[in-house]
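Okay, structure first, notes after.
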Amino acid sequence: PKRAGEKTQTYSLAKEFAGWFDEVGFFVAAPFQEMLASAVPLIGKQDPKRVTASRETLDANPDLLDAVLAASATEAKGEARKRKA
151 PKRAGEKTQT YSLAKEFAGW FDEVGFFVAA PFQEMLASAV PLIGKQDPKR VTASRETLDA
211 NPDLLDAVLA ASATEAKGEA RKRKA
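Each residue of the sequence shown is one higher than the one before, starting from 151 at the first, in our numbering.
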């Protein structure tokens, strides 16, 4: 729901449609999820591991950059623990 005084935001998504399907024609979710997380800041904040945004996009949205950095730090700590086990 839109709050009073909020501006409607429009996002343009440009990605090759065939990139969301494998060689056999089955839908592959990961490229689609990455495209959405990278193009829509609200989705990127909720799913920062899937953001494959350019530096300009991250610089334009500090909250998204913080979310991506936090996810990267968490992922790195998890990998370190796995190696020790």
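Glycine residues also receive a C-beta, built at the ideal position from the N, C-alpha and C atoms.
Contact between the segment 183-194 and the segment 155-166 is present: 3 or more CB-CB pairs across the two stretches fall below 8 Å. In this structure, DSSP gives residue 176 a state outside helix and strand, which the three-state scheme calls coil. Between residue 221 and residue 198, the beta carbon gap of about 4 Å places them in contact (Cβ cut-off 8 Å). Listed in chain order, the non-local C-beta contacts of residue 178 below 7 Å within the same chain comprise 170, 171, 172, local neighbours out to five positions each way being set aside. Relative to the Cα of residue 190, the nearest Cα in the group 176, 159, 168, 167 belongs to 159.
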